[in-house]
Amino acid sequence: MEDSGPGRAGSSPVASRAVTGFPEGYDLVTDDVLVGRLRLSVTHPRQAEELIDEEEYALDERLPYWADLWPSGIVLAAHLTTMDLAGLRVLEVGAGLGLPSMVALRGGADVLATDWYPEALEFARANANANRLRELPTMEADWGAPPEALLAARPWDLVIGADVAYENRHGPQLAALILRLVRPGGTVLIADPRRPAASSLVTEMREAGWRHEREEVRYEGRPDEQGRVIYLHRFTEPPRRP
Ligand SMILES: C[S@@+](CC[C@H](N)C(=O)[O-])C[C@H]1O[C@@H](n2cnc3c(N)ncnc32)[C@H](O)[C@@H]1O
Numbered sequence: 004m005e006d007s008g009p010g011r012a013g014s015s016p017v018a019s020r021a022v023t024g025f026p027e028g029y030d031l032v033t034d035d036v037l038v039g040r041l042r043l044s045v046t047h048p049r050q051a052e053e054l055i056d057e058e059e060y061a062l063d064e065r066l067p068y069w070a071d072l073w074p075s076g077i078v079l080a081a082h083l084t085t086m087d088l089a090g091l092r093v094l095e096v097g098a099g100l101g102l103p104s105m106v107a108l109r110g111g112a113d114v115l116a117t118d119w120y121p122e123a124l125e126f127a128r129a130n131a132n133a134n135r136l137r138e139l140p141t142m143e144a145d146w147g148a149p150p151e152a153l154l155a156a157r158p159w160d161l162v163i164g165a166d167v168a169y170e171n172r173h174g175p176q177l178a179a180l181i182l183r184l185v186r187p188g189g190t191v192l193i194a195d196p197r198r199p200a201a202s203s204l205v206t207e208m209r210e211a212g213w214r215h216e217r218e219e220v221r222y223e224g225r226p227d228e229q230g231r232v233i234y235l236h237r238f239t240e241p242p243r244r245p
């Protein structure tokens with residue numbers, strides 16, 4: 004792992020209870036998460052570390068970070084509750100358990116949640132179902148090798164991601180992918196707990212001509228080792244000259 008890498012997230016008050024409708028073979032826990040004024044449940048494996056697969060790691064250094072709910076995901080989801088998303092096409096990259104996607108779905112957006120772990124997408128769909136939302140569309144997609152189906156599904160009005168730039172390769176991969184997928188004049192929202200690796204994402208988006216604004220949001224739940232301040236990066240494309 005380059006940079007500091009994500010540590011374990013402490014999410015908002017956790018209430019454990021028996022759950023059904025989720026993939027079998029996991030020791031599960033359910034977090035009741037306050038997202039703005041919304042309360043949503045997020046069920047996930049209790050210990051992400053137990054899911055580490057040495058062979059997968061040897062192949063492409065993938066680690067099962069999807070199995071935790073990260074402070075950036077909660078901050079991004081809360082921000083989405085303040086936006087009018089009805090009718091927008093919203094793509095989430097590195098969706099993990101899918102909390103921001105659930106909020107977008109609830110807000111009437113046409114959503115696609117993506118991750119390179121199919122297990123994450125199974126949980127994201129089951130979580131949407133457990134919160135009595137519409138079915139959550141998902142697609143397995145690696146930022147470094149995006150599937151044709153993802154490219155064919157562009158353009159997206161809004162591309163979102165939470166805690167997705169934590170290794171040096173991520174910023175360039177994500178910027179290249181997002182710039183192919185977002186609609187000209189669209190918006191990109193990335194929540195990030197101030198990881199050094201996120202700076203190359205910002206640089207590459209700016210160099211591509213996108214306007215960048217950064218909001219500092221204080222996360223009130225249990226922070227991870229990055230602290231309580233989450234950066235909410237908003238990228239918009241200035242109108243093109245005729
Ligand atoms: C730190 S977790 C954040 C998960 C979720 N967004 C949240 O905030 O709770 C990073 C996520 O990015 C996904 N990811 C990492 N590298 C990826 C890649 N190359 N392609 C697609 N997804 C990737 C991981 O599987 C994981 O779900």
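If you want the numbering used here, it's the position in the sequence shown, counting the first as 1, plus 3. For glycine and all other residues, C-beta sits at the position ideal for the given N, C-alpha and C.
With a cutoff of 8 angstroms, residue 203 does not count as near ligand 1, since its C-beta is closer than that to no heavy atom of the ligand. Between the alpha carbons of residue 97 and residue 24 lies a distance of about 22 angstroms. The C-alpha of residue 174 is placed about 29 angstroms away from the C-alpha of residue 89. DSSP places residue 25 in the coil class of the three-state scheme, outside both helix and strand. Between ligand 1 and the CB of residue 123, the shortest heavy atom gap is smaller than 8 angstroms. One alpha carbon belongs to residue 46, the other to residue 243, and they sit about 44 angstroms apart. Proximity of the beta carbon of residue 166 to ligand 1 is indicated: a heavy atom of the ligand is located closer than 8 angstroms. The beta carbon of residue 29 sits no closer than 8 angstroms to any heavy atom of ligand 1. Residue 114 holds the alpha-carbon nearest to the alpha-carbon of residue 157 among 128, 114, 226 and 137.
Just measuring C-alpha positions, the residue of 197, 206 and 112 sitting nearest residue 230 is 197. With the rule of 3 Cβ pairs closer than 8 angstroms, the region 174–184 counts as touching the region 201–220.
Contact between residue 233 and residue 75 holds, with the beta-carbon distance rounding to 5 angstroms and staying under 8 angstroms.
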